[in-house]
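Let me begin by presenting the structure, written as structure tokens, before commenting on it.
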Amino acid sequence: MTSSDPDALAAANTVAEALADPHTAWAAHRPTGGRAWPQSLAGGAAGIALLHIERARSGYGDWSTVHAWLSAAASDALTAAANAGLYLGAPALAFTLHTAAGPSGRYHRALAHLDQAVVAMTRTRLAAAHTRIEQSRRPAMKEFDLIRGLTGLGVYHLRRHPDHPITGELLSYLVRLTEPLAGRDDLPPWWTDSAPNGEPSPEFPQGHGNVGLAHGISAVLALLALAHLRGLPVRGADDAIARICAWTDRWCQHGDTGPWWPGFITLRQVREGKVAATLRPRPSWCYGVSGTARAQQLAGMALRDTARQQAAENALLAALRDEAQLDQLTEIGLCHGTAGLLQSAWRMAADSHHPQLTAELPGLSARLIAQMGTTVRDPELLDGAAGAALALHTAGTGAAPTSGWDAFLLLA
């Protein structure tokens, strides 16, 4: 627990009140596409519901608002197809319902039904992934990433039923993902043949190695570390964590304003053995130090590697003290903006033995409040006001989220 911040809590409350009714939350034209489907964590009702769930479970909101948003989230036919993952479809709604249920037993029938779909989906994808490995083919990013892939499904299984066989099967796959592919070159086995958007591109003719938390190997690192910290025995997990860390250590850069990790690595950079300083990503959650440093901190905690943990904390601290980096976050959201940095910084400060990170939190909260202004424009979770309000609620209460909502970011 850190000190509470009344201004942050007041700002979070204002947003929550503005987003109380799912019928009026989108003041402007509602966006189109899958991101805005009710069953989307990123931009739909399933994601915005997390704000009201956290408030209700921590004693700041009411359950009638939660129920209204959950009804909106479940208003369309759910997808469990290839496009489904932690951020969309049956797994997304299951995550939200489990977050609401906590130890209460609420929604147990709906969750039991959703569990069947998510477990079946996971087994199908695991089988395909193991076949791909046996054929010594490189993975698609969507096979293993957080937003669309098996790491995201692993977040749900680890929270929902850590002792279920599917959880161990999935974690064992992540270990195997880090093992060298038979007959391949010395590129890491999670190297993909696509561009960072997951699609083939002439700009990435030999693909890339993704470092980020949203789409890259840092998500695998964070999930394996969290499983270790929760006492789940997974054969080879420590070695897998060490392999990932060896690669990220190889590409960690040391600049005048602190260490940083590239968002991704290209084959040209591998051959040249260097990354240009101009490629330093903004300190966002998705590709920047907000995400990569948290994954490194968790790895250090899991392996009891205090040097790694402290290096990760120092990397984030350097970013928090660098106005030029902070100014790169021109958006408010969890993914690309200041809210993601705030939530990650709060989690890292809570796990750090040093007070410097905690001392930076009030200024970061004030920055986010100023960015938000007085009007709720975009209500969504990932890039909009709901996510910003959740980060401010954490800072405002000075306590870890009661609902554990930020597991969907792999911050906890």
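Every letter in the sequence shown is one number past the one before it in the working numbering, and letter 352, counting from 1, is 400.
Every residue, glycine too, gets a C-beta built ideally from N, C-alpha and C.
Since the structure is predicted, the reported quantities are computational estimates derived from the model, not experimental observations.
Assigned secondary structure, residue i (DSSP; H/G/I helix, E/B strand, else coil)
| i | result |
| --- | --- |
| P54 | helix |
| L136 | strand |
| G200 | helix |
| H156 | helix |
| Q301 | strand |
| D378 | The sequence given here places Thr at residue 378; Asp does not occur at that position. In this structure, T378 counts as coil in the three-state DSSP scheme. |
| T442 | helix |
| S88 | strand |
| T113 | helix |
| T144 | helix |
| T450 | coil |
| T240 | strand |
| R330 | coil |
| P210 | coil |
| C293 | helix |
| G216 | helix |
| N131 | coil |
| I181 | helix |
| L67 | coil |
| R319 | helix |
| Y221 | helix |
| F456 | helix |
| S249 | coil |
| R283 | coil |
| A436 | helix |
| L235 | coil |
Bridge-paired residues (DSSP) for residue i
| i | result |
| --- | --- |
| I313 | G257 |
| T170 | Its beta-bridge partners do not exist; DSSP assigns none. |
| T226 | Its beta-bridge partners do not exist; DSSP assigns none. |
Integer Cβ distance of residue i from residue j, believed to fall under 8 Å
| i | j | result |
| --- | --- | --- |
| L134 | L162 | So it is not a contact: roughly 13 Å between Cβ atoms. |
| L280 | P187 | Their Cβ separation, rounded to whole angstroms, is 23 Å, which puts L280 and P187 out of contact at 8 Å. |
| R207 | A455 | 6 Å |
| A270 | L458 | 4 Å |
| G284 | V223 | 4 Å |
| S220 | V282 | 6 Å |
| L382 | A439 | 7 Å |
| I101 | P427 | With 8 Å as the limit, I101 and P427 do not qualify as a contact, their Cβ atoms being about 15 Å apart. |
| L412 | A398 | Contact doesn't hold; Cβ gap of about 14 Å is too wide. |
| D53 | G444 | 5 Å |
| I292 | I265 | 6 Å |
| L198 | L174 | 7 Å |
| I195 | A262 | 6 Å |
| G385 | L377 | 5 Å |
| D286 | L351 | 7 Å |
| R395 | R342 | 6 Å |
| R328 | W299 | Wrong, their Cβ atoms sit about 12 Å apart, outside the cutoff. |
| Q254 | T296 | That pair is no contact at about 20 Å. |
| A467 | A138 | Residue 467 is absent from the model: the chain starts at 49 and stops at 460. |
| L98 | W333 | Actually they do not touch by this definition, with Cβ atoms about 15 Å apart. |
| A160 | A437 | Incorrect: roughly 31 Å between the Cβ atoms, too far for contact. |
Residue i: first and last residue of the uninterrupted beta strand (DSSP E) it sits in
| i | result |
| --- | --- |
| W308 | 306-308 |
Span of the alpha helix (DSSP H), counted from its first residue to its last, around residue i
| i | result |
| --- | --- |
| E408 | 404-420 |
| V424 | Careful: V424 lies outside any alpha helix (DSSP H) and carries neither H nor E. |
| T340 | 337-351 |
| K190 | 189-192 |
| L277 | 265-277 |
| L98 | 93-105 |
| A388 | This sequence places Gly at residue 388; Ala is not what is there. Element bounds for G388: 386-399. |
| R369 | Per DSSP, R369 belongs to no alpha helix (DSSP H) and is neither H nor E. |
Beta carbon proximity, residue i to chain B, threshold 8 Å
| i | result |
| --- | --- |
| R171 | Of the protein chains in this structure there is only one, and it is not chain B. |
Given 8 Å, three or more beta-carbon pairs between the segment 257-265 and the segment 228-242: yes
The segment 137-151 / the segment 178-194 touching (three or more Cβ pairs under 8 Å): no
The segment 377-394 contacting the segment 338-346, beta-carbon criterion three pairs below 8 Å: yes
contact_flag[the segment 51-67, the segment 82-92] where n(CB pairs < 8 Å) is 3 or more: no
Inter-stretch contact at 8 Å, needing at least 3 Cβ pairs: the segment 104-111 / the segment 159-174: no
Cβ pair count under 8 Å reaching 3, the segment 355-371 against the segment 402-416: yes
Touch test, the segment 355-364 against the segment 314-330, Cβ-Cβ under 8 Å, three pairs minimum: no
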